[in-house]
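Reminder that position 153 of the sequence shown reads as 243 in our numbering, one-by-one numbering, no gaps.
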Amino acid sequence: MASRLKSVLITGCSAGGIGGGLADAFHEAGYHVFATARTPSKISPSLAKAPNVTSLALDVLSPESIAAAVESVTRVTGGKLDVLVNNSGTLMVMPALDVSIEEGKRHFDTNYWAVLAMVQAFAPLLIKAKGYVVNNTSVSGLVPFGAFGSIYNSSKAAAILGSETWRLELAPLGVRTLTLVTAGVKSNVFSNVKPPIIPKTSYYYGIRDWIVEQLDGRMQKDGITAKEFGDKVVRQVEKGTTGKYWVGGGAAGARIAAWLLPDWMMDMLIVSMFPFGKMLQAQSKVKNN
91 MASRLKSVLI TGCSAGGIGG GLADAFHEAG YHVFATARTP SKISPSLAKA
141 PNVTSLALDV LSPESIAAAV ESVTRVTGGK LDVLVNNSGT LMVMPALDVS
191 IEEGKRHFDT NYWAVLAMVQ AFAPLLIKAK GYVVNNTSVS GLVPFGAFGS
241 IYNSSKAAAI LGSETWRLEL APLGVRTLTL VTAGVKSNVF SNVKPPIIPK
291 TSYYYGIRDW IVEQLDGRMQ KDGITAKEFG DKVVRQVEKG TTGKYWVGGG
341 AAGARIAAWL LPDWMMDMLI VSMFPFGKML QAQSKVKNN
């Protein structure tokens, strides 16, 4: 028998992450939550055992895994899905001159192509439900925050523009789209990122320790909690909001800066936050002496 509750499927629900906060918020709002993760055992036990929660194994890079998730949701809901939240993503910090192109492509596979694959696969269920697509992107896709994050930033920029274009395409089919431009959220994302190994041949080798330190969580210092983030997102979904929604610690300031500041002022702001140019100059002087 199909569940009568509104349903939501959320990718990337490992404990301690944004996905877990989203799942908790939607569950409290009365949804049947399909909490997914590549390794379901990483989902919080309290969430996995809660009523009206279905834990699913889902690898967003596997067409077979996505198809299996569609079948599982269909069996429970009778072929409808009210909300699809594409939350899975990967973070990468590495100087662009040192990036492995193949590794960079894998990040785009997760942060962009997997999102589109999920939308395509669940489109029939969403259209039947007159549902909602929520795509979690990043403020870094619009403002180049974060030193040496060109792969992450550009993959999120692609996701933002893709999401906003899909919004226009899906609207005539009765499906709404919300693009989350996410700023500071306290989660375990940095602890799960493999520290970059800067090669000795890199122009940035002299500041390699500083580059690695960018993953120490300092960017989340003023962030909101994952549950607070989830509550904000649920409110927007319940209101029927579409388009870009800036959310998280520092989101308002970043939005104003992106809107008002000319490029040269934005450059000055980012350089003041990430003064690696001065650090490189200092290293060069040391070597020359």
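Even for Gly, the Cβ is constructed at its ideal location relative to N, Cα and C. Values in this document were obtained by computation on a predicted structure and should not be read as measured data.
Cross-strand partners of residue i (DSSP beta bridge)
i	result
V271	T227, W336
T126	L146
K276	T315
S97	H122
I133	S104
L258	In DSSP, L258 forms no bridge with anything.
L174	L99, V223
R266	Y222
Boundaries (first-last residue) of the beta strand (DSSP E) holding residue i
i	result
L146	143-147
Range covered by the alpha helix (DSSP H) that runs through residue i
i	result
F198	191-198
I301	298-303
F319	316-329
L215	204-219
G343	341-350
S155	153-167
M355	353-363
Burial state of residue i, where buried means 16 or more other Cβ atoms lie within 10 Å
i	result
M91	Its pLDDT being 48, under 50, M91 is placed unreliably by the model, and the measurement read from it follows with that caveat. Exposed, because fewer than 16 other Cβ atoms sit within 10 Å of the Cβ of M91.
T267	buried
L181	buried
S253	buried
G102	buried
R77	Outside the displayed range of the chain (91 to 379) lies residue 77, so it cannot be described from this structure.
Y202	buried
Q371	exposed
A273	buried
M309	buried
Under 7 Å between C-beta atoms of residue i and residue j
i	j	result
L112	V209	no
W354	R345	no
T167	S104	no
S152	F198	no
G313	G333	no
Y222	V123	no
K170	A219	yes
P185	Y294	yes
V183	P286	yes
A348	V233	yes
T227	K276	no
A204	V160	no
Whole-angstrom C-beta distance between residue j and residue i, which should lie under 8 Å
i	j	result
G107	I100	With 8 Å as the limit, G107 and I100 do not qualify as a contact, their Cβ atoms being about 10 Å apart.
D114	K317	6 Å
G264	I217	6 Å
L137	A125	6 Å
L43	Y121	No answer is possible for residue 43: it lies beyond the span of the chain, which begins at 91 and ends at 379.
S178	V150	5 Å
V229	V271	5 Å
Residue i: CB within 6 Å of a non-hydrogen atom of the ligand GTP
i	result
P130	Absent from the structure shown: the ligand GTP. Ligands present: none.
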